[in-house]
Amino acid sequence: MPLRLYNTLSRQVEEFTPLESGKVKMYVCGPTVYADAHIGHAMAALVFDMVRRYLTYRGYRVTYVTNFTDVDDKIIRRANETGQDPIEMANAFAQKYLEHLADLNIQPADIYPKVSETMDEILRVIGGLSDEAYAYELNGDVYFRVSKDADYGKLSRRTLDEALAGTRVDEDLRKESPADFALWKSAKPGEPAWQSPWGPGRPGWHIECTAMCLHHLGETIDIHGGGNDLIFPHHENEIAQSESLTGKPFSRYWMHNGMLQLSGEKMSKSLGNLITIDEFLSDHSPDALRMLIFTGHYRKPVAFNKDSLESAERALERLLTGLRPAKGSKTTGADADTLREATENARAAFIASMDDDFNTSGGMAAMFELVRAINTARDKGLTGPFFEAAQRTLHELGAILGMKLEGARAESGVDVAAAPFIDLLVEVRGDLRMAKQWAAADKIRNQLNALGIVIEDTPTGAEWRYEEPAA
RNA sequence: GGCGACGUCGCCAAGUGGUAAGGCAGGGGUCUGCAAAACCCCCACCGCCGGUUCGAGUCCGGCCGUCGCCUCCA
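Under the numbering used here, read the first sequence as residues 1042 to 1512, first letter to last.
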């Protein structure tokens, strides 16, 4: 079964075939680093991390490039306000972003290009476009001549007239057409500037991705990704620049994730309705965010609110029940066969779903089916290789979605040093129960519970684990 | 206004034209001293109106509604 994915360019689900067999060149637009990243950024990073992990799982060798925009109006403004050097400030935010990505269990990209480090390539691209009359200069500014690009608008499905309809009133009136966009901006006093054939200045926004792709991945890449708010004008303009310069298709597939929404609106810096990654991680696990996002489809908007987050956390807890240890002694027999079959079915169902445009929701369903099969097998006393294989498969499928599926006990909450004392209390409680001293036994259970230690009685004795105390 | 996406159980959310996955919540059981967990069972005529078809949540048209883009934006 081939992998199929939705291509924004064709507005259809297509079979995926990379340019070079077995290899995938992938570029994802990264953030402009002028403030703390929020979980909307995280969603894009998470979605494409999942895409990359799945492609890798399916045997592709993926080269993954994602950029930092570190030269930009907003960065300059913010730096001026706070009296910092713009490049240094951007660098600090980029560094922090990288830490967030690591905290979110996002695999590092192969290359993280920055505008400030790609200047030679950017100038070369602009020069090439100028040579072919795709660009023109106006007193140190260089603009892309949209009218010369015959298929401009093919990604966002807009005609030139439509693209013009909403253009700003305070446009540079010297431009040949309002739809023309800046490739190079001449330097104003107090701004960081680089030397160019058109005088000192800095690049326009869209040109960086074109230059970075060309430089690091070549003239045609396989997958270009980003949020769907980038389709126009950013990605449209990238296509215009790249294909005008090379005469070749820029990206074979365009993938766009839906927006994370807070109270019914897109989470964004300009709207001010955001939750930073820092804020999120202070209260919740990275797995919970993945659960929330991958419960739905990556192209659809995700509602982020208290309810959806709580629901995701409970769903995650349920997933984790499948990883609790076996407690019986059977290793073979009908229950083992049933579990083995369920394990194979779950993996097959997971792959079938993911092959269909990364249907993580269906993949998640397969994981829950597996959890039920594991829990049933455990209740029936199964242990041993088949039980372990099932749990390993659960981990394996979770890992494709970037989930660590770590039990709370192993992860945090309980100081390792406290464990023997808890064991002791649980043992004492067991003795009290034997003596039918219910009140005293329940007191231990309740008080430990208040501290986040959950005790469960089983036929083979009491077990305990740590859980975040309910708020 | 233009372009586009979407409207499926109380909530979140899948769904290749043939009578609706999964999760959360809820109800009923098994187990248990009680509890918790786990397991079993129950819980949807798919926004509205037309049309195509033997048959539509799934295709076509219209309407209503939500969201995104059109300006920096993951």
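Beta carbons: idealized from backbone N, C-alpha and C, even for Gly. Computed from a predicted structure; not experimentally measured.
Asked	Found
Own chain residues within Cβ distance below 7 Å of residue 1467, not counting five before or after	1496, 1503, 1505
For residue 1121, three-class secondary structure by DSSP	helix
CA-to-CA distance, residue 1338 to residue 1289, given in whole angstroms	31 Å
Simplified DSSP state of residue 1291, which is helix, strand or coil	coil
Three CB pairs or more closer than 8 Å across the stretch 1182-1190 and the stretch 1263-1275	no
Candidates 1048, 1358, 1156: closest to residue 1340 by CA position	1048
Residue of 1243, 1432, 1364 minimising C-alpha distance to residue 1232	1243
Where residue 1452 sits in the DSSP three-state scheme	Confidence is the limiting factor: at residue 1452 the pLDDT is only 42, short of 50, which leaves the residue's position unreliable, though a coordinate-based value still follows. It is helical.
Sheet register partners of residue 1298 (DSSP bridge)	1268
Closest residue to residue 1149 among 1141, 1385, 1469 (Cα-Cα distance)	1141
DSSP three-state assignment for residue 1073, whether helix, strand or coil	strand
Supposed close pair residue 1298, residue 1088 - CB separation, criterion 8 Å	4 Å
Assigned secondary structure, residue 1381 (DSSP; H/G/I helix, E/B strand, else coil)	helix
At least 3 beta-carbon pairs within less than 8 Å: the stretch 1096-1104 vs the stretch 1346-1365	no
Terminal residues of the beta strand (DSSP E) in which residue 1048 lies	1045-1048
Classification of residue 1043 by the beta-carbon crowding that lies within 10 angstroms, buried from 16 upward	exposed
Residue 1450 versus residue 1457: straight-line alpha-carbon distance, rounded	Unreliable positioning characterises residue 1450 in this predicted model, as indicated by a pLDDT of 46, which lies under 50. The coordinate reading is nonetheless provided below. Roughly 9 Å separates the two Cα atoms.
Nonlocal neighbours in the same chain, by C-beta distance under 7 Å from residue 1319, ignoring five residues either side	1077
Per DSSP, cross-strand counterpart(s) of residue 1053	1048
DSSP state of residue 1497 mapped onto helix, strand, coil	strand
Cβ contact check for the stretch 1406-1420 and the stretch 1380-1396: 3 or more pairs under 8 Å	yes
Bridge partner(s) assigned by DSSP for residue 1066	1104
Inter-residue spacing [alpha-carbon to alpha-carbon] between residue 1074 and residue 1106	17 Å
Residue nearest to residue 1059 in terms of C-alpha spacing, selected from 1175, 1292, 1172	1292
Residues near residue 1304 in its chain [Cβ-Cβ closer than 8 Å; skip 5 each side]	1314, 1346
Under 8 Å between C-beta atoms of residue 1329 and residue 1301	no
Separation of residue 1410 from residue 1157, as counted between CA atoms	49 Å
Close Cβ partners of residue 1254 (< 6 Å) along its chain, the five nearest in sequence each way excluded	1068, 1262
For residue 1110: DSSP bridge partner residues	1073
Rounded separation between residue 1258 and residue 1250 - CA only	11 Å
Spatial neighbours of residue 1061 in its chain, beta-carbon cut-off 6 Å, leaving aside the 5 residues before and after	none
Span of the beta strand (DSSP E) around residue 1182	1182-1185
Beta-ladder partner(s) of residue 1397, from DSSP	1045
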